[in-house]
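Let me begin by presenting the structure, written as structure tokens, before commenting on it.
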Amino acid sequence: MGIELTYDGININDEIDKIPGGRFYINDVPPVNNSTISNTYLDQGINRYGQQLLYSNYNIATLSVSFKMTGTIDYFYQVSNTINSLLSTRNAKKLTFSHFSNISWEAIQNSKVSPIIDYSTSPFTASGTISFEIPKIYGERDDYSEVTTEQNGKFGEIVQISPNHFKATLNNYGSAETNPIVTITHHSENGYIGLVGADSIVEIGNKGEQDVTPDQKSERLLDFRGNDGFKAGFEKATFNQGTNVSMNESNFNGNIGIQNWNGRQSITIDRSTTAFGGSDLRGSLTWDIPADTEGNKGSLHDYIWWRQIYVLGLMSQAGGLKVVVTDENDKFLYGVETLKLGDGMSVNYNCFGSYADGSYKLLKSFKFEANESDYHNPFNSSRGWSDIVREDENLSFYWFGSRYERVCPEIKGRKSAKVHLIIEARGNRPRATLMFFQEFLYQKNKVEFMRDIPNRFGTGSQVIIDNEKGKIVISNIEDFSPLVPGSEFFSIPTGTSEIHFFTSDWVTSPPTISFKWKERII
Numbered sequence: 001m002g003i004e005l006t007y008d009g010i011n012i013n014d015e016i017d018k019i020p021g022g023r024f025y026i027n028d029v030p031p032v033n034n035s036t037i038s039n040t041y042l043d044q045g046i047n048r049y050g051q052q053l054l055y056s057n058y059n060i061a062t063l064s065v066s067f068k069m070t071g072t073i074d075y076f077y078q079v080s081n082t083i084n085s086l087l088s089t090r091n092a093k094k095l096t097f098s099h100f101s102n103i104s105w106e107a108i109q110n111s112k113v114s115p116i117i118d119y120s121t122s123p124f125t126a127s128g129t130i131s132f133e134i135p136k137i138y139g140e141r142d143d144y145s146e147v148t149t150e151q152n153g154k155f156g157e158i159v160q161i162s163p164n165h166f167k168a169t170l171n172n173y174g175s176a177e178t179n180p181i182v183t184i185t186h187h188s189e190n191g192y193i194g195l196v197g198a199d200s201i202v203e204i205g206n207k208g209e210q211d212v213t214p215d216q217k218s219e220r221l222l223d224f225r226g227n228d229g230f231k232a233g234f235e236k237a238t239f240n241q242g243t244n245v246s247m248n249e250s251n252f253n254g255n256i257g258i259q260n261w262n263g264r265q266s267i268t269i270d271r272s273t274t275a276f277g278g279s280d281l282r283g284s285l286t287w288d289i290p291a292d293t294e295g296n297k298g299s300l301h302d303y304i305w306w307r308q309i310y311v312l313g314l315m316s317q318a319g320g321l322k323v324v325v326t327d328e329n330d331k332f333l334y335g336v337e338t339l340k341l342g343d344g345m346s347v348n349y350n351c352f353g354s355y356a357d358g359s360y361k362l363l364k365s366f367k368f369e370a371n372e373s374d375y376h377n378p379f380n381s382s383r384g385w386s387d388i389v390r391e392d393e394n395l396s397f398y399w400f401g402s403r404y405e406r407v408c409p410e411i412k413g414r415k416s417a418k419v420h421l422i423i424e425a426r427g428n429r430p431r432a433t434l435m436f437f438q439e440f441l442y443q444k445n446k447v448e449f450m451r452d453i454p455n456r457f458g459t460g461s462q463v464i465i466d467n468e469k470g471k472i473v474i475s476n477i478e479d480f481s482p483l484v485p486g487s488e489f490f491s492i493p494t495g496t497s498e499i500h501f502f503t504s505d506w507v508t509s510p511p512t513i514s515f516k517w518k519e520r521i522i
């Protein structure tokens with residue numbers, strides 16, 4: 001059996017096997033040929049002896065695949081056309097070979113296949129070459145190498161030097177530098193993350209943030225996260241006593257229930273259509289925001305994070321999901337709604353503040369297509385995370401990786417007192433196929449006290465520093481705001497290297513730290 005070639009997920013050999021009239025096999029895949037290295041020098045100027053090296057670059061690499069065929073002339077040309085068609089792309093795609101276990105390249109064809117035919121044999125034979133360019137010059141192992149604070153081994157180790165200082169010794173067995181993904185899972189509050197390598201540094205948060213000082217902190221007063229988070233939240237809620245966005249839509253007549261969906265406890269309304277006569281059906285869960293540890297109730301500084309799923313199965317379906325905050329007088333304060341009323345797949349995501357009398361004030365509106373596509377729907381069944389930040393009259397809404405800041409002077413000084421989750425079916429339309437809440441978190445910020453300060457990374461939070469893609473992800477939300485200016489994403493060289501990791505010096509429980517990377521082969 002010859003070597004099998006797979007490009008962009010398509011097994012080229014399998015496609016050629018469908019063509020009658022001959023036999024095709026790959027007989028040789030030589031190593032990647034890194035043709036040249038370009039060195040750039042400073043102009044000589046008055047220096048008589050040589051020049052100063054500025055930097056050195058690898059040029060594009062090439063890879064040639066030799067193949068042979070036996071069969072008819074027509075078979076040879078059909079095979080050539082098939083190969084050229086399958087390899088015709090605008091961008092480099094993943095390339096693998098069956099005899100190179102666990103290694104792939106990003107490659108693009110650089111010349112069309114044109115076999116050389118030998119007419120002197122019976123049957124006819126032909127040979128040719130499939131040529132690729134490798135823009136990144138390296139191949140990459142499909143599996144990650146990993147080192148954690150809980151699991152050391154041949155790829156290295158992480159040791160604790162002091163309460164807030166760790167040293168990671170990493171063994172990169174590849175033949176090129178690579179970009180690691182660093183994951184930090186916090187077991188206590190933390191305000192700072194610092195990573196220091198041989199020639200780069202990444203800092204997140206505030207290095208000078210102190211813990212024992214008259215200041216402020218954040219407290220998670222309602223925390224229903226995780227697959228079973230809503231079990232406890234459901235038992236603590238008040239049913240159908242909510243306050244809606246619109247004062248005219250405050251009749252709550254539906255039964256809110258909890259069900260297991262995809263292994264996650266989900267809050268939903270238990271009827272698929274509304275009552276007879278086309279009236280709306282809605283239900284709500286309400287929680288009083290508990291007092292903080294200082295005994296104070298109400299807040300001007302909120303962080304609300306939740307997960308919701310909204311997917312349509314039919315264009316005629318409708319319904320709404322709402323996250324609402326009310327003040328101490330049970331007046332609407334701010335919130336968001338995910339709402340569809342008419343036909344089609346388009347759904348509104350509306351962001352609200354309020355006027356002094358509690359009537360709603362539309363601040364920003366978005367539209368999305370309620371299908372399962374990651375590009376169209378932030379609330380498909382595999383995602384669904386969103387959040388709102390309130391700093392008195394300033395509101396910040398998360399949407400598709402960006403934040404939208406709005407000022408609402410009418411809510412200044414009005415304390416948040418209750419949060420409501422509302423689920424609606426509308427008119428005589430069937431409810432959306434997937435329409436429920438799965439996780440919820442209310443965090444009160446700027447709690448004044450004499451022992452701690454609000455820390456950016458709370459207990460249970462996870463921070464991912466993705467040097468492969470140049471991203472910072474905090475609790476599943478991409479967020480560059482705490483990245484300290486001057487920080488640079490980094491790589492680890494071949495062989496053994498060291499990375500030093502620092503937290504705030506007052507962290508009470510060390511985090512779990514993971515470094516993982518894909519070895520690169522030149």
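In full-length UniProt numbering, the protein residues as written are 1 to 522.
Note that beta-carbon positions come from the ideal geometry of N, C-alpha and C, so glycine has one too.
- For Ile73, the enclosing alpha helix (DSSP H) covers residues Ile73 to Leu86.
- In the structure shown, the three-state DSSP call for Asp17 is helix.
- Within the region 363-427, complete alpha helix (DSSP H) segments of at least 4 residues are not found at all.
- Around the CB of Ile184, 16 or more other CB atoms lie within 10 Å, so the residue is classed as buried.
- Assigned with DSSP and collapsed to three states, Lys469 falls in coil, not helix or strand.
- In its chain, beyond the 5 residues on either side, Glu4 have a beta carbon closer than 6 Å to the beta carbon of Asn13.
- For Ala107, the uninterrupted beta strand (DSSP E) segment begins and ends at Ile103 to Ser111.
- Excluding sequence positions up to five before and after Ala237, its CB lies within less than 7 Å of the CB of Leu285, Thr286 and Trp287, all in the same chain and listed in chain order.
- Counting only the Cα atoms, Leu333 lies some 23 Å from Asp280.
- Using a Cβ distance threshold of 8 Å, Tyr404 and Lys469 do not count as a contacting pair.
- The beta carbon of Gly139 is closer than 6 Å to those of Ile103, Trp105 and Ile521 in its chain, skipping five residues each way along the sequence.
- Taking C-beta atoms as the reference points, Gly298 and Lys471 fail to come closer than 8 Å.
- If you check the CB distance, Ile137 and Ile37 do not come in under 8 Å.
- Excluding residues up to 5 positions away in sequence, Ile309, Val311, Asn371, Glu372, Ser373 and Asp374 lie with their Cβ nearer than 8 Å to the Cβ of Asn380 in the same chain.
- Under DSSP, Trp287 forms a beta bridge with Val419.
- Leu321 and Trp399 have their C-alpha atoms some 16 Å from each other.
- The DSSP-derived three-state label of Lys236 is helix.
- Under the DSSP assignment, Asp118 falls in the beta strand (DSSP E) whose first and last residues are Ile116 to Asp118.
- The region 114-202 is shown to contain whole beta strand (DSSP E) runs of 3 or more residues at 116-118, 124-134, 139-141, 145-148, 156-162, 165-172, 181-185 and 192-196, in chain order.
- DSSP, read as helix, strand or coil, puts Lys217 in strand.
- Arg426 sits buried, since 16 or more C-beta atoms from the chains shown fall within 10 Å of its C-beta.
- Taking 8 Å as the cut-off, the beta carbon of Gly174 is found no closer than this to the beta carbon of Phe124.
- By the Cβ rule, the region 112-128 does not count as touching the region 144-152, because fewer than three pairs are nearer than 8 Å.
- In the DSSP annotation of this structure, His99 is not part of any beta strand (DSSP E), being labelled neither H nor E.
- The DSSP-derived three-state label of Phe501 is strand.
- Segment contact: the region 479-487 against the region 184-204, three or more CB-CB distances shorter than 8 Å; contact assigned.
- In the structure shown, Gly344 falls within a coil segment according to DSSP collapsed to helix, strand and coil.
- Nearest to Val159 by alpha-carbon distance, out of Gln438, Ile513, Ser101 and Trp517, is Ile513.
- Here DSSP, grouped into helix, strand and coil, assigns Ile258 to strand.
- DSSP places Ile522 outside any beta strand (DSSP E), giving it a letter other than H or E.
- Annotated three-state conformation of Phe489 is coil, per DSSP.
- Taking every protein chain shown into account, the CB of Met247 has fewer than 16 other CB atoms within 10 angstroms, so this residue is exposed.
- When DSSP reads this structure, Tyr355 sits in no beta bridge, so it has no partner.
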